[in-house]
Amino acid sequence: MDLMNEKHQALISSLEELRVIVDKMNEVSNDGILTWHKNEVIDWLSYLTQHTDVEELESLEKEINDRFFFKYNVRIEPRDLDIIRLKTFEKVIHQFHSVLH
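Numbers 1 to 101, taken from UniProt numbering, label the letters of the sequence shown in order.
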């Protein structure tokens, strides 16, 4: 497996981690933002698994960055899971940067 494929797989794994954390939070919180977040993460995973072209990934990177900074970088209870959610989200952003820049 070449380096780009490894990084692509790592991105998929990290987005999957983010989906799992959001699911866990949804089990104990009824905050509507978690439902939106989960649905978008599922969409991102679907897109990422089907696309490897740099331009397509750059488009997804921009969307994920925008969503983090303008929508999902908020505090949601329970705090312990939220800290993991935000750190995982930041990890995804850094991985995209590593893949594309």
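Here a beta-carbon is modelled for each residue, glycine too, at the ideal position from N, C-alpha and C.
If you're wondering where the values come from, they're calculated on a predicted model, not measured in any experiment.
- The stretch 42 to 91 is shown to contain whole alpha helix (DSSP H) runs of 4 or more residues at 54 to 67, in chain order.
- One Cα belongs to residue 18, the other to residue 26, and the distance between them is close to 12 Å.
- The alpha-carbon separation between residue 35 and residue 74 amounts to approximately 14 Å.
- For residue 40, same chain residues with a beta-carbon under 7 Å away, outside a window of 5 residues either side, are 67 in chain order.
- Of the candidates 4, 21 and 86, the residue whose Cα lies closest to the Cα of residue 65 is 86.
- The alpha carbon of residue 100 has as its nearest neighbour, out of 14, 55, 76 and 78, the alpha carbon of 55.
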